[in-house]
Structure formats: structure tokens, C-alpha cells
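These notes are about the structure you will find just below.
Residue numbers (the working numbering): 115 to 434.
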């Protein structure tokens, strides 16, 4: 009899196989890379690359980690309200698989593709334009090391994503935890809270994205020269290490999911719905301790590594 664990392994293997084919394409098909890089406008080129790479990163494994992470945080929130011990990360993953099957890990993939199409384009075009502009200035490049330029460029690129990501991440979080379609979820939130509800958790997303990409780009610039491996393997190693280190800002993500969960949760009061970012973080610490701010850290590490490889390491290989 085919078990759910076997189906999960088969699904993960197929996604990793797709990812491997993409890497092999970059390695052994320089003509393809040349065609992708032939756009006369660097900004347009990075807009197209960013859209494609972000969507590919999510389909290959980034979205399952996001769904898993969101379910872990919401499980802790619900356990706190129900006065019980929260399930651990693995138990939450098993619950998702038992309730919705392997396909449940790709809940909300439609809206995630819309988000990826726009947020990936904005991110790559913004951060690479700023990075190249700062690097091209003799005064700045002489006085500011590349890794600091990477932190600055990444911060601006990440913050610019918030306009697109706030409503999209809310819908992914809602469908991942409550089921239902994206359209019905969006209509329900709009009917109850309007535009304010759609942008629930927006400030947390801005801080998270700015610190996300500042860390991922900055750490990659800092680590890459110290990795004594050439070519793609060296870029991948630097991307993995940068992705792991960039999860220091997990409290922003926990605050984002906590804030957004109040839109579709029955366990909230009217006052808590209007908490600021700091008030939300204080509330998490009060109810779950400091460790509550790092809920879901393990799936987030996996997601962060995916994002860093696709939107920092691969663009470096393509000469973005």
C-alpha cells in the first residue's frame, strides 16, 4: 500500500529533480544563458529574471516550506488560546498531510504565483540597480565594502516588495490554514474588513522583507569570497549559508503571521486586531515567551535557503 510518507518523498524528489535540471541548464548550456541575458535594458532583464526565478523557487519547494511554517505558527497561536501544548513542527507537517494530502503543501499556489511574478521582478530589478549604482561610484565603492553595499541594496529591494506581498501573503496564510479557495477567502476578508484587512500585517512584511534581503544579499557578498569553491557550487554554498544566517529576523515573520491570523481566526478580540508591530511582538512574548518569536524557525530556514539561491546566487551567476 502506498503511504503518505512515500507520496511526500516522491513529490519532494520530483521537485528536487526539476531544480537539478535548472542548475544543469545553467551549467552546461551557455547559449541559453546568453539568450536570457541578451536584453538591452538591465532593468527589463532583471524584471523578467526576477519574475521567473521567484515563481520557480516557490514551485520547486519554497511554497511548501511557507505553508508548513505558517501552520506551525498558527498551531502555536491556537494552542495558546485553547490552553494546551502546541504540536511540534513535524507533527504539524503530518497533520497537514493527513488532512489535505501532499497537494496541501502547495495551498494558495495561484496567488503565490501572482505574488512571485510581481515581487520577484520588483526585488531583483531594485536591488541590482541600487547595487550597481553604488558600486559604480568611485567614492562609495572606495569607502564602503561590497557586503555593506549588498545590505543596503537588499534592504531597498526587500522593502519595495511589501505593496505586492502584503495581500498575497495574507491569502496564502489564510488558505494554508483554513482551506477554501483564494477567491472566496479574499471576498470574505474584504466583506469583513475592507482594504485594511487585505493589508493586515503590512508593516511586519515591510520590516521582514527589508531585513530578509539585506541579510541574504549582504551575507552572500560577505561569505562568497571566503568560500574556497569556484563556480556554481561555491555560489550555492554561499547562498545556503546566507539563507541560514538571514533567519535571525524570524520574529518579524512570526509577528506578520500572528497579525494576519487574526483576520480569519475565531480566537481574537477587537483590540488585538489593531496592534502595531511592536505590540504584536510583545503579545507573543507575553503568551509564549521569547522562544515564541522563533516559532517555525526550521521550515523558515529551508524556505530562506531556496529564496537566497534563486534570487541571489543564480543572478550572480547570470551577471545580473
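Backbone N, C-alpha and C define an ideal beta-carbon position, used for all residues, glycine too.
Alpha carbon of residue i to alpha carbon of residue j, nearest angstrom
i	j	result
residue 306	residue 158	39 Å
residue 267	residue 273	10 Å
residue 366	residue 394	10 Å
residue 188	residue 373	10 Å
residue 200	residue 408	14 Å
residue 166	residue 172	10 Å
residue 423	residue 241	15 Å
residue 358	residue 398	23 Å
residue 136	residue 400	Only weak support exists for where residue 136 lies, its pLDDT of 46 falling under 50; the value from the coordinates is given anyway. One C-alpha to the other measures close to 45 Å.
residue 342	residue 348	7 Å
residue 260	residue 249	8 Å
residue 94	residue 427	As shown, the chain starts at 115 and ends at 434. That puts residue 94 outside it, with no answer to give.
residue 330	residue 419	9 Å
residue 396	residue 275	26 Å
residue 360	residue 299	31 Å
residue 431	residue 344	11 Å
residue 411	residue 203	9 Å
residue 429	residue 168	11 Å
residue 247	residue 339	21 Å
residue 254	residue 271	19 Å
residue 186	residue 346	33 Å
residue 278	residue 324	14 Å
residue 238	residue 421	12 Å
residue 244	residue 196	48 Å
residue 319	residue 183	15 Å
Inter-residue CB distance, residue i and residue j (contact presumed, cutoff 8 Å)
i	j	result
residue 235	residue 161	4 Å
residue 179	residue 417	4 Å
residue 353	residue 334	6 Å
residue 181	residue 221	5 Å
residue 351	residue 282	Not really, about 31 Å apart at Cβ, beyond 8 Å.
residue 313	residue 280	5 Å
residue 190	residue 402	6 Å
residue 433	residue 332	19 Å between Cβ atoms; not a contact.
Residue i, buried or exposed, once every other Cβ within 10 Å from all chains shown has been counted against 16
i	result
residue 177	buried
residue 317	buried
residue 425	buried
residue 304	exposed
residue 142	Bear in mind that the predicted position of residue 142 carries a pLDDT of just 42, short of 50, making it unreliable; the figure below should be weighed with that in mind. Burial call: exposed.
residue 205	exposed
residue 414	buried
residue 198	exposed
residue 326	buried
residue 217	exposed
residue 311	buried
residue 364	buried
residue 164	buried
residue 362	exposed
Item checked: Entirely enclosed alpha helix (DSSP H) segments - the segment 351–423, minimum 4 residues -> 364–378, 391–402, 411–422
Next item on the list: Output the residue ranges of the alpha helix (DSSP H) runs that lie fully inside the segment 200–285 and measure 4 residues or longer, sorted by chain position.
Entry: 203–214, 223–250, 252–257, 260–274
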